[in-house]
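**Student:** My questions will all concern the structure given below.
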Amino acid sequence: MVAQQLLELHDIVKEFPGVKALDGVRFDVLSGEVHALCGENGAGKSTLMKIISGLYPYGSYSGELKVNGTSRKFLSIKDSQSAGVAIVFQELSLVKELTVAENIFLGREPSLFGIIQTTEVLMRTSALLKDLGFHMDPSQKVGDLGIGQQQMVEIAKALALDAKILILDEPTSALSDTEIEVFLETIRRLKKRGVGCVLITHKLNEVFAIADRITVFRDGKSVTTYNAKDVDEHKVIADMVGRELTDMYPRVSRTIGGPVLAVHDLTVPHPTVPGKNLLEHVSFTVRKGEILGIAGLMGSGRTEILMSIFGALHGPRTGSIELEGQSLAFASPQEAINHGFALVSEDRKRLGLVLEDSVSRNIALASLKRVARFGVVDDSNENKIANDYIDALRIKTPNSASQVKNLSGGNQQKVVLAKWMLTKPKVLFLDEPTRGIDVGARAEIYKIVNDMAAKGVAVVMVSSELPEVLGLSDRVIVMCGGRVTGEFSRDEATQERIMAAATRFS
Ligand SMILES: Nc1ncnc2c1ncn2[C@@H]1O[C@H](COP(=O)(O)OP(=O)(O)OP(=O)(O)O)[C@@H](O)[C@H]1O
Ligand SMILES: [Mg+2]
26 MVAQQLLELH DIVKEFPGVK ALDGVRFDVL SGEVHALCGE NGAGKSTLMK IISGLYPYGS
86 YSGELKVNGT SRKFLSIKDS QSAGVAIVFQ ELSLVKELTV AENIFLGREP SLFGIIQTTE
146 VLMRTSALLK DLGFHMDPSQ KVGDLGIGQQ QMVEIAKALA LDAKILILDE PTSALSDTEI
206 EVFLETIRRL KKRGVGCVLI THKLNEVFAI ADRITVFRDG KSVTTYNAKD VDEHKVIADM
266 VGRELTDMYP RVSRTIGGPV LAVHDLTVPH PTVPGKNLLE HVSFTVRKGE ILGIAGLMGS
326 GRTEILMSIF GALHGPRTGS IELEGQSLAF ASPQEAINHG FALVSEDRKR LGLVLEDSVS
386 RNIALASLKR VARFGVVDDS NENKIANDYI DALRIKTPNS ASQVKNLSGG NQQKVVLAKW
446 MLTKPKVLFL DEPTRGIDVG ARAEIYKIVN DMAAKGVAVV MVSSELPEVL GLSDRVIVMC
506 GGRVTGEFSR DEATQERIMA AATRFS
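If you read the sequence shown in our numbering, its first letter stands for residue 26, the second for the next number, and so on.
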């Protein structure tokens, strides 16, 4: 079968106030291929996808968009859908109050004489999920699902459209390794059916596992398109960041001091399932200047440890938590913050940012006391501090007064980091800190975390990226089924040992 050109974009220019997000981009998608789109945070990837999907209507950009050789002027997502385009947006857009099935069929519920056929919706969803190999209950409320499962629902929703062109903007950022395998298998099947896919991901191993072609964007321009087999990771990274990245995990020698945080025998019962525990007899210590990595599969209790200590999980628990020898139990995150704790969460919408507010206000949010004099927030002080962090983390924004919601996904995550760094914490909790962050910025973040540890901060980092855990941690504990199933020093820790402990169900 000769591949047919499904989608073509020529000379696309898109401007926002103060930002030229796309500057003469060309891009195309063939039937039966996966075309990966790579580029640093803010390079313009999501913006192009929003144009293809009609979210940014014709007229709000210049240039030409063709589907199957015909010039199209989409004015809405509905227009692009009827032309065979389906999209999974980077930020999840599900309705939390509705069920999985209701979300998947939202707006296109099969109805008979105007009555929505609930059983029909449930059955069709069941069939679809089964076909995809996703294990999920269609009648469950989306709000009760973890972020990984929500992402699977989002993917299923797009696939339910039976589209010819499928756009996936960081579809796997919250998926576990097993879920990613299922997902990649699904894409392979769609390819065989002739579907053309655009895949945006910061995980280059996924790109090389599945892409036929790779296009690199830099500063709103399409710089190169490769056949995936003709190129390697180094080359793609160099094109993305415009320089060679040498050492992602520089070894820094640090002096590790006495215990800062000591957790002993922490047990947290499951809120709804009687007899089950989220955490069971969890004990560990983090010292001054130490980076403790917490590894484990998704759902193993890693996030719950952080949440429970941080006062973000309510309900009963047993065991003890000590900060510098003082016993404590925070009733709310605010109490934890007042005692010198900081938490960078994996879900920036829920625990991280006020999207309507400015970059500077968001950065200052958790430490208003530091920027406020006599209880009054001093705007110029706030802006100065924000600007320091914008430079240090290379946050791409027109200025510190821009609304956070206008930043690209990865740059929003950098704002979350800046906000917590500014609180000058004693204990820093990081939960998947580099999710959705490009390689160049990742290197910057690792440097900053190392620097903070060198200044004496006790760091606890949950991460699914084993290279990151191994590269940064002084010590690693591994979780499985709510329990600690392994502990390794930096020298003992290897990928194999961590994986073995992470799957040690006993
Ligand atoms: N609605 C908006 N208003 C103003 N500026 C915007 C808006 N949306 C995007 N931008 C800017 O356009 C540029 C490109 O953003 P885009 O979201 O396309 O980046 P991206 O390549 O998807 O990055 P990431 O990898 O972080 O998701 C960024 O500088 C961003 O701040
Ligand atoms: Mg994006």
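Note that CB positions come from ideal geometry on N, CA and C, so glycine has one too.
Note that the coordinates shown come from a computational prediction; the quantities given were computed from them, not determined experimentally.
Report the CB separation of I316 from L497 in whole angstroms; it is logged as a contact under 8 Å.
**Tutor:** Going by Cβ atoms, the distance from I316 to L497 rounds to 6 Å, so yes, they are a contact pair.
**Student:** Between the alpha carbons of F335 and R51, how many angstroms are there, rounded?
**Tutor:** Their Cα atoms are separated by approximately 47 Å.
**Student:** Run through DSSP, which three-state label would L170 get?
**Tutor:** If DSSP states are grouped into helix, strand and coil, L170 belongs with coil.
**Student:** Using the Cα positions of E116 and S198, report the straight-line distance between them to the nearest angstrom.
**Tutor:** Roughly 10 Å between the two C-alpha positions.
**Student:** Taking only three categories from DSSP, how would you classify M273?
**Tutor:** DSSP places M273 in coil when its eight states are reduced to three.
**Student:** Helix, strand or coil for I37? Go by DSSP, reduced to three states.
**Tutor:** It is a strand residue.
**Student:** Does the beta carbon of I190 fall short of 8 Å from some heavy atom of ligand 2?
**Tutor:** No, since every heavy atom of ligand 2 falls outside the 8 Å radius drawn around the Cβ of I190.
**Student:** Check whether the Cβ atoms of V125 and M161 lie closer than 9 Å to each other.
**Tutor:** Yes, the Cβ-Cβ distance between V125 and M161 is below 9 Å.
**Student:** Hey, how far is the Cα of S531 from the Cα of S392?
**Tutor:** Here S531 scores only 49 on pLDDT, less than 50, and its place in the model is too uncertain to base an answer on.
**Student:** Three Cβ pairs or more, each shorter than 8 Å: is that satisfied between the region 149-156 and the region 181-193?
**Tutor:** The answer is yes - the region 181-193 touches the region 149-156, with three or more Cβ pairs under 8 Å.
**Student:** Considering only the beta carbon of each residue, do E210 and G158 sit closer than 9 Å?
**Tutor:** Taking 9 Å as the Cβ cut-off, E210 and G158 qualify as a contacting pair.
**Student:** At a threshold of 8 Å, does S385 count as lining ligand 1 (C-beta to nearest heavy atom)?
**Tutor:** Flag unset: Cβ of S385 not near ligand 1.
**Student:** By DSSP's criteria, G347 is part of a beta bridge. Which residues make up the other side?
**Tutor:** Residue 347 is actually Glu in this sequence, not Gly. E347 pairs with A287 and S352.
**Student:** Just to confirm, is the Cβ distance from L186 to V223 under 9 Å?
**Tutor:** No, the Cβ-Cβ distance between L186 and V223 is not below 9 Å.
**Student:** Hey, quick one: how far does the beta strand (DSSP E) through S385 stretch, first residue to last?
**Tutor:** S385 -> not in any beta strand (DSSP E); alpha helix (DSSP H) instead, spanning V384 to A389.
**Student:** Counting along the chain, where does the beta strand (DSSP E) carrying A253 start and finish?
**Tutor:** Unbroken run through A253: none, as it is neither H nor E.
**Student:** Going straight from the alpha carbon of P423 to that of V44, what length do you get?
**Tutor:** The alpha-carbon atoms of P423 and V44 are separated by roughly 7 Å.
**Student:** Between the Cα of E58 and the Cα atoms of H35, V27 and N66, which residue gives the shortest distance?
**Tutor:** That would be V27, whose Cα lies nearest to the Cα of E58.
**Student:** Looking only at its own chain, which residues have a Cβ that is under 7 Å from the Cβ of V293, when we skip the five neighbours before and after it?
**Tutor:** Excluding sequence neighbours, V293 sits near N302, L303, L304, E329, S333, L338 and R342.
**Student:** Compute the distance between the beta-carbons of K189 and S56, then report whether it is under 9 Å.
**Tutor:** Yes, the pair counts as a contact, with Cβ atoms nearer than the cut-off.
**Student:** Give the straight-line distance between the Cα atoms of L230 and I239, rounded to the nearest whole angstrom.
**Tutor:** Reading off the sequence shown, one finds Asn at residue 230, where the question assumed Leu. When rounded, the distance between both Cα atoms is 13 Å.
**Student:** Quick check: the region 437-447 against the region 380-390, are at least 3 beta-carbon pairs closer than 8 Å?
**Tutor:** Yes, they touch.
**Student:** Can you grab the Cα-Cα spacing for the pair I462 / K217, in whole Å?
**Tutor:** Each residue's alpha carbon lies about 31 Å from the other.
**Student:** Where does N569 fall in DSSP's three states?
**Tutor:** This structure leaves residue 569 out entirely; the chain is present only between 26 and 531.
**Student:** Using CA coordinates, which residue listed in I77, L73 and G109 is at the minimum distance from K98?
**Tutor:** Comparing Cα-Cα distances from K98 to each of I77, L73 and G109, the minimum goes to I77.
**Student:** If you run the structure through DSSP and keep just helix, strand and coil, what is L184?
**Tutor:** Three-state DSSP puts L184 in a helix.
**Student:** Rounded to whole angstroms, what's the CA-CA distance from G69 to S247? Just pull it up for me.
**Tutor:** C-alpha separation (whole angstroms): 9 Å.
**Student:** State the start and end residues of the unbroken beta strand (DSSP E) segment that holds L453.
**Tutor:** Here the beta strand (DSSP E) through L453 covers V452 to D456.
**Student:** Only counting the same chain, and skipping five residues up and downstream in sequence, which positions put a Cβ closer than 7 Å to that of E349?
**Tutor:** Closer than 7 Å at Cβ, skipping near neighbours: V285.
**Student:** In the DSSP assignment, find the unbroken alpha helix (DSSP H) run with S14 in it and report its ends.
**Tutor:** Any property of residue 14 remains undetermined from this structure, which presents the chain solely from 26 to 531.
**Student:** Between I225 and L200, which are expected to be in contact by the criterion C-beta below 8 Å, what is the C-beta distance as a whole number of angstroms?
**Tutor:** Not a contact, Cβ separation roughly 14 Å.
**Student:** At 4 residues or longer, what runs of the alpha helix (DSSP H) sit wholly inside the region 425-449?
**Tutor:** Counting whole runs of 4 or more residues, the region 425-449 contains the alpha helix (DSSP H) stretches 434-447.
**Student:** Is the beta carbon of I225 within less than 8 Å of some heavy atom of ligand 1?
**Tutor:** The answer is yes for I225.
**Student:** DSSP three-state label for M177, please.
**Tutor:** Correct three-state label for M177: helix.
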